[in-house]
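Student:
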Amino acid sequence: MSPVVNLAAGAVPPSPHRTLLDEGSRVLEEADPALAALLDRELAQQSSTLAMVASSSVADPSVLAAAGAVLGNVTAEGYPGARYHPGSGAFDEVERLAEERARAAFGARYANVQPHSCSSANLSVLTSLLPPGGVLLGLGLDSGGHLTHGSAASVTGHWFRAVPYGLDDHGRIDYAEVLRLARAHRPGVVVAGASAYPRRIDFARFRAVADDVGAYLVADISHIAGLVAAGEHPSPVDLAHVTTTSTYKQLGGPRGGLILIGAEHRATGPDGRTTLAELMRRAVFPRSQGTPNPAAIAAKARALGMLRTESARWTARLVVENAEALAEGLIRRGREVLTGGTDNHMVVLDLRPAGLSGLVAERALEECGILANRNTIPGDTRPALVTSGLRLGTNVLAQRGMGPAEMARCVELIDRVLTGVISVDDTTHALDPHIRRSVRDEVRQLCARFPLPGYPAPALRTGSEVSL
Ligand SMILES: *Cc1c(COP(=O)(O)O)cnc(C)c1O
0 MSPVVNLAAG
10 AVPPSPHRTL
20 LDEGSRVLEE
30 ADPALAALLD
40 RELAQQSSTL
50 AMVASSSVAD
60 PSVLAAAGAV
70 LGNVTAEGYP
80 GARYHPGSGA
90 FDEVERLAEE
100 RARAAFGARY
110 ANVQPHSCSS
120 ANLSVLTSLL
130 PPGGVLLGLG
140 LDSGGHLTHG
150 SAASVTGHWF
160 RAVPYGLDDH
170 GRIDYAEVLR
180 LARAHRPGVV
190 VAGASAYPRR
200 IDFARFRAVA
210 DDVGAYLVAD
220 ISHIAGLVAA
230 GEHPSPVDLA
240 HVTTTSTYKQ
250 LGGPRGGLIL
260 IGAEHRATGP
270 DGRTTLAELM
280 RRAVFPRSQG
290 TPNPAAIAAK
300 ARALGMLRTE
310 SARWTARLVV
320 ENAEALAEGL
330 IRRGREVLTG
340 GTDNHMVVLD
350 LRPAGLSGLV
360 AERALEECGI
370 LANRNTIPGD
380 TRPALVTSGL
390 RLGTNVLAQR
400 GMGPAEMARC
410 VELIDRVLTG
420 VISVDDTTHA
430 LDPHIRRSVR
440 DEVRQLCARF
450 PLPGYPAPAL
460 RTGSEVSL
């Protein structure tokens with residue numbers, strides 16, 4: 000059939016941009032087969048493994064396409080309508096679209112879509128709200144906080160006087176301690192947010208603490224942004240002075256960060272004059288970043304646009320239901336689940352009763368096609384690269400459409416590996432090849448039944464001859 004007949008039948012001709020991306024993929028395959036093969040291998044791995052890394056989600060193919068958009072060629076410092084370079088007409092519209100969708104998704108009044116990551120967003124925010132040596136109160140790294148919340152391993156632990164708060168005996172944020180520490184140390188910024196915390200965060204209580212001592216409250220929702228957007232976790236956007244998030248953890252977006260402001264957009268910064276919205280605008284550019292990444296911003300626009308669909312809300316609900324099912328199942332099998340359960344997408348296991356390090360558990364599971372990362376847990380005595388915990392997440396499993404019934408299968412598989420693995424020491428293990436083969440096969444079958452949304456279904460091969 001000629002293309003003319005196709006058109007007459009209603010087929011849409013490929014757009015010039017699609018033709019460009021298709022051509023790029025074709026040339027890559029021909030001119031650089033080694034690189035192209037690695038990309039195929041990565042796709043095969045993602046398709047045929049159970050990604051339970053709590054900080055991951057899967058980007059829709061259209062988000063990947065936007066991230067590879069021709070906008071990548073645009074160099075334009077500044078903001079829409081106020082660039083320092085010519086030729087940014089389409090990019091201005093793309094950035095405005097991304098800002099508008101970010102505001103709509105989170106009910107925010109101000110959105111900055113330029114941060115290259117949430118770490119850089121946090122640096123921009125903190126360095127504009129706090130003077131050098133200012134006091135920063137954040138959840139300690141060992142308690143599940145993030146590096147950028149004042150850890151000694153991060154520049155935030157050096158530029159600021161970081162005071163960590165921790166958890167109570169039940170593994171929950173100790174709000175009484177937060178208030179006590181705030182009154183004792185008079186922080187300029189209180190950070191509410193976590194990287195390994197399976198429970199709901201009470202942002203209103205954090206705001207009350209911040210108000211008690213006249214501090215700014217920064218909420219970092221990197222891990223739970225998808226739940227917040229879907230209403231499955233209370234939103235901090237109108238409670239905090241500033242909210243930050245990464246765009247790839249639960250938003251199905253590209254690598255990148257966002258800065259949001261809700262009700263406080265007209266409140267002023269430390270100089271008493273500049274509004275927080277204006278302060279955040281300057282905080283990213285020119286204070287801490289140069290050119291934005293226009294293609295990443297296009298991908299953010301696409302991912303943010305997909306958040307307000309019924310399907311996104313359904314997935315967010317399933318994320319939480321799955322995590323609950325996972326926690327319950329693991330507890331039923333005698334596993335030590337921190338805080339005894341979860342309110343979000345995350346389940347954290349204490350492996351000490353099992354006599355396993357986080358590293359050994361992570362490696363044994365990876366051999367079987369289950370990806371979950373080792374994690375420091377409260378009171379951990381093992382080094383940060385070894386740890387005594389394992390962090391599991393349900394974002395990608397829910398995106399694949401798996402539900403509580405499949406979580407029961409996952410619990411069984413995880414338990415089979417953790418029971419079967421022989422820990423020689425904290426960094427060395429042995430796993431019975433029979434267990435490896437049987438779990439790997441079941442993982443593959445599950446993945447074939449629940450392909451990544453919009454991705455080609457993985458070929459169902461059995462037997463351990465197929466390496467990861
Ligand atoms: C992952 C994470 C970050 C950093 O995000 P990147 O985009 O990877 O830099 C910041 N804060 C929290 C709470 C996180 O979990």
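Numbering-wise, the sequence shown is residues 0 to 467 according to numbering that gives the first Met the number 0.
Note that CB positions come from ideal geometry on N, CA and C, so glycine has one too.
1) When we look at the beta-carbon of Asn321 and count the other beta-carbons within 10 Å, is it buried (16 or more) or exposed?
2) Under the three-state reduction of DSSP, which class applies to Val73: helix, strand or coil?
3) Counting pairs of beta carbons, one from the region 161-180 and one from the region 118-138, are three or more of them closer than 8 Å?
4) Measuring straight from C-alpha to C-alpha, what distance separates Leu178 and Gly187?
5) Within the same chain, show all residues whose beta-carbon is closer than 7 Å to that of Asp349, passing over the 5 residues directly before and after it, in chain order.
6) Could you name the residues of the same chain whose beta carbon sits closer than 6 Å to that of Thr393, not counting the 5 residues immediately before and after it, in chain order?
7) Kindly indicate which three-state DSSP category Ser245 falls into: helix, strand or coil?
8) If we count the other Cβ atoms within 10 Å of its Cβ and call it buried at 16 or more, is Ile421 buried or exposed?
9) Excluding the 5 residues preceding and the 5 following Thr74 in the sequence, name in chain order all residues of the same chain whose CB lies nearer than 8 Å to its CB.
10) Do Ala66 and Ala295 have their C-beta atoms within less than 8 Å of each other?
11) For the region 184-232, which segments carrying the beta strand (DSSP E) assignment without a break, of at least 3 residues, lie completely within its bounds, in sequence order?
12) Give me the residue from Asp168, Ala214, Val236 and His184 with the minimum Cα distance to Asp468.
13) Going by beta carbon distance, what residues of the same chain come within less than 6 Å of Ile330, once the five residues before and after it are set aside?
14) Could you spell out the range, first to last residue, of the beta strand (DSSP E) harbouring Ile421?
15) So what's Arg110 in DSSP terms, helix, strand or just coil?
16) Taking only three categories from DSSP, how would you classify Val177?
17) Please list the terminal residues of the continuous alpha helix (DSSP H) segment that includes Leu27.
18) Residue ranges of each beta strand (DSSP E) run of no fewer than 3 residues wholly in the region 390-433, ordered along the chain?
19) From Asn374 to Ala195, what does the alpha carbon distance come to, in whole angstroms?
20) Does ligand 1 have a heavy atom nearer than 7 Å to the CB of His145?
21) Three-state secondary structure (DSSP) at Ala50?
22) Can you give the Cα-Cα distance for Gly497 and Ala298, rounded to whole angstroms?
23) Report the three-state DSSP secondary structure of Thr274 (helix, strand or coil).
24) Do you know how far the Cα of Gly192 is from the Cα of Val217?
Tutor: Taking the structure as given:
1) With a threshold of 16 other beta carbon atoms within 10 Å, Asn321 meets it and is buried.
2) Of the three classes helix, strand and coil, the one that applies to Val73 here is coil, per DSSP.
3) Yes, since at least three Cβ pairs between the region 161-180 and the region 118-138 fall closer than 8 Å, the two stretches touch.
4) If you take the alpha carbons of Leu178 and Gly187, they lie about 14 Å apart.
5) Excluding sequence neighbours, Asp349 sits near Glu335, Leu337, Ile376, Ser387 and Gly388.
6) Sequence-distant partners of Thr393 (beyond 5 residues in either direction) whose C-beta falls short of 6 Å from its own C-beta, in its chain, are Val318, Asn321, Ala322 and His344.
7) In the structure shown, Ser245 sits in a strand (DSSP, three-state: E or B).
8) Classification for Ile421: exposed.
9) Excluding positions up to five away in sequence, the list reads His84 and Thr290.
10) For the 8 Å CB-CB criterion, Ala66 and Ala295 form a contact.
11) Entirely contained in the region 184-232, the beta strand (DSSP E) runs reaching 3 residues are, in chain order, 188-192 and 215-219.
12) This structure leaves residue 468 out entirely; the chain is present only between 0 and 467.
13) Val336, listed in sequence order.
14) Element bounds for Ile421: Ile421 to Asp424.
15) In the sequence as displayed, the identity of residue 110 is Ala instead of Arg. Reduced to three states, the DSSP call for Ala110 is strand.
16) DSSP places Val177 in helix when its eight states are reduced to three.
17) Taken as a continuous stretch (DSSP letters only), the alpha helix (DSSP H) holding Leu27 covers Pro15 to Ala30.
18) Qualifying beta strand (DSSP E) stretches, in chain order: 421-424 and 427-429.
19) Looking at the backbone, the Cα of Asn374 and that of Ala195 are separated by about 8 Å.
20) The closest heavy atom of ligand 1 lies less than 7 Å from the beta carbon of His145.
21) Ala50: strand per DSSP, three-state reduction.
22) In the structure as shown, the chain begins at 0 and stops at 467. Residue 497 is therefore absent and cannot be evaluated.
23) Strand.
24) Taking the straight line joining both Cα atoms gives about 8 Å.
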